[in-house]
Each structure stands twice: as C-alpha cells, then as structure tokens.
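Novice:
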Amino acid sequence: MHLTVIAKEPRPGFVKTRLCPPCSPRQAADIAAAALLDTLDAVDRVVESTTRTGPGAALEPVLLFDGEAAAWARPEHRVVAQRGDGLAARLGNAFDELGPGLIVGMEAPFAVPALGGWLVTGRDEAREVLAPRARTTVEARENLVRASLGSMMLT
Numbered sequence: 003m004h005l006t007v008i009a010k011e012p013r014p015g016f017v018k019t020r021l022c023p024p025c026s027p028r029q030a031a032d033i034a035a036a037a038l039l040d041t042l043d044a045v046d047r048v049v050e051s052t053t054r055t056g057p058g059a060a061l062e063p064v065l066l067f068d069g070e071a072a073a074w075a076r077p078e079h080r081v082v083a084q085r086g087d088g089l090a091a092r093l094g095n096a097f098d099e100l101g102p103g104l105i106v107g108m109e110a111p112f113a114v115p116a117l118g119g120w121l122v123t124g125r126d127e128a129r130e131v132l133a134p135r136a137r138t139t140v141e142a143r144e145n146l147v148r149a150s151l152g153s154m155m156l157t
C-alpha cells in the first residue's frame, strides 16, 4: 500500500501560477516548496508510525513528481514520474503503476495524518462512501477526481 504525494517541481512560472499576482513567480515557487516539504514531512511521520504498528500496516512513501526530482526526493521515497495529459490521466496512470493506496496533493500536510491512518485501517469503507455508484475502478477514479478538487485520491 502506498502513501503518495503528487507534486510539481517548485520552480518559478511552473507552480502556483494562480498566485501571480499578487505574488511574484519566485514567491509562488517558494510557497510551493514550503508546502511540498511540509507534506513530505507529514508522510514520513505517518509511514514511521504505521511501520511501528506491525509489518502488515507498513506504507510505502512515494513521490509522484513532475519535474526534476533530485533536489526533493528523499532516500526512503520511491520517485515515480507523472505520465499523461491532465490530472485524471496522471492519477489513473499512477494508480495503474502503484496499485492501491492514497495520493495527496503537495499542499495537503494537514490531511496526511488522518488519511494515512485511515488507509491502514479502513480503505474499503471509505471507497464505498466516496464512490458508491462506481461500476469499475476507472469510473470510481473519475468520480473521485471530480469530487476531490485535486486534494486527494483514493483507490
């Protein structure tokens, strides 16, 4: 089971462009960098806490990245390149490659502790709540992409 952060490389003009103005492209990239680091820290804490609960509960930390990952990747995180046009395609391709797990946005450190713990204990119940009428995994993903506003994805 993976706990994945989907992120773009925090470089000026590439991320958080809707913040410009009032921010400069450099300021927007700095905001993105801080958010990404906070989210990766939150993932590390959740992975560490679930590793202590037993081998069946272990989560694999993954960075699903668009850009040059060397400066952002951590040794314990698997780095997977984003593939596809648009968010739905990138998420679908990631789940095809990674299997069941959770993908959170790079600016969601607040969501990681609760969702990571839930991932270990009850993902089937949450899928039923979030995508109850989905007939296929692909349809569930599409429904969740529309509902999530880019903040989280489940499979």
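Mapping of the sequence shown onto our numbering: residues 3 to 157, in sequence order.
Note that the Cβ used here is the ideal one computed from N, Cα and C, for glycine as well.
Taking 6 Å as the limit between beta carbons, can you name the residues of its chain near D40, skipping five residues before and five after?
Specialist: Taking the first residue of the sequence shown as position 1, residue 40 is located at position 38. Excluding sequence neighbours, D40 sits near P111.
Novice: For V17, count neighbouring C-beta atoms within 10 Å of its own C-beta (all shown protein chains included) and say buried if the count is 16 or more, exposed if not.
Specialist: Residue numbering aside, residue 17 sits at position 15 when the sequence shown is read from its first letter. Its Cβ being crowded by 16 or more others within 10 Å, V17 is buried.
Novice: Using DSSP bridges, identify the partner residues of I8.
Specialist: Position 6 of the sequence shown holds residue 8. Answer is L66, G107.
Novice: Going straight from the alpha carbon of P115 to that of I105, what length do you get?
Specialist: Locating residue 115 in the sequence shown gives position 113, counting from the first residue. Locating residue 105 in the sequence shown gives position 103, counting from the first residue. Each residue's CA atom was taken as its position, placing P115 and I105 some 13 Å apart.
Novice: Helix, strand or coil for A83? Go by DSSP, reduced to three states.
Specialist: Start at 1 with the first residue of the sequence shown, and residue 83 comes out as number 81. In the displayed model, A83 falls within a strand according to three-state DSSP.
Novice: What is the residue span of the alpha helix (DSSP H) that F97 lies within?
Specialist: Taking the sequence shown and counting its residues from 1, the one referred to as residue 97 is at position 95. Taken as a continuous stretch (DSSP letters only), the alpha helix (DSSP H) holding F97 covers 89-100.
Novice: Straight-line CA distance for D46 to R85?
Specialist: Numbered from its first residue, the sequence shown carries residue 46 at position 44. Numbered from its first residue, the sequence shown carries residue 85 at position 83. About 24 Å.
Novice: Let me confirm a value: R92 is counted as buried when at least 16 other C-beta atoms fall within 10 Å, else exposed. Which label applies?
Specialist: Taking the first residue of the sequence shown as 1, we reach residue 92 at position 90. By the neighbour-count rule (16 or more Cβ atoms within 10 Å), R92 is buried.
Novice: Going by C-alpha distance, which of C22, L21, T52 is nearest L117?
Specialist: Counting from one through the sequence shown, the residue named residue 117 turns up at place 115. Minimum Cα distance to L117 is reached at T52.
Novice: Using 9 Å as the threshold, is the C-beta distance between L61 and V82 below it?
Specialist: Walking along the sequence shown from the start, residue 61 turns up at place 59. Walking along the sequence shown from the start, residue 82 turns up at place 80. The answer is no: Cβ separation not under 9 Å.
Novice: Please state the DSSP three-state secondary structure of K18.
Specialist: Residue mapping note: residue 18 aligns to position 16 of the sequence shown, counting from 1. DSSP places K18 in coil when its eight states are reduced to three.
Novice: Apply the 10 Å Cβ neighbour rule to P77 and answer buried if 16 or more other Cβ atoms are within range, or exposed otherwise.
Specialist: Within the sequence shown, the letter at position 75 stands for residue 77. Classification for P77: exposed.
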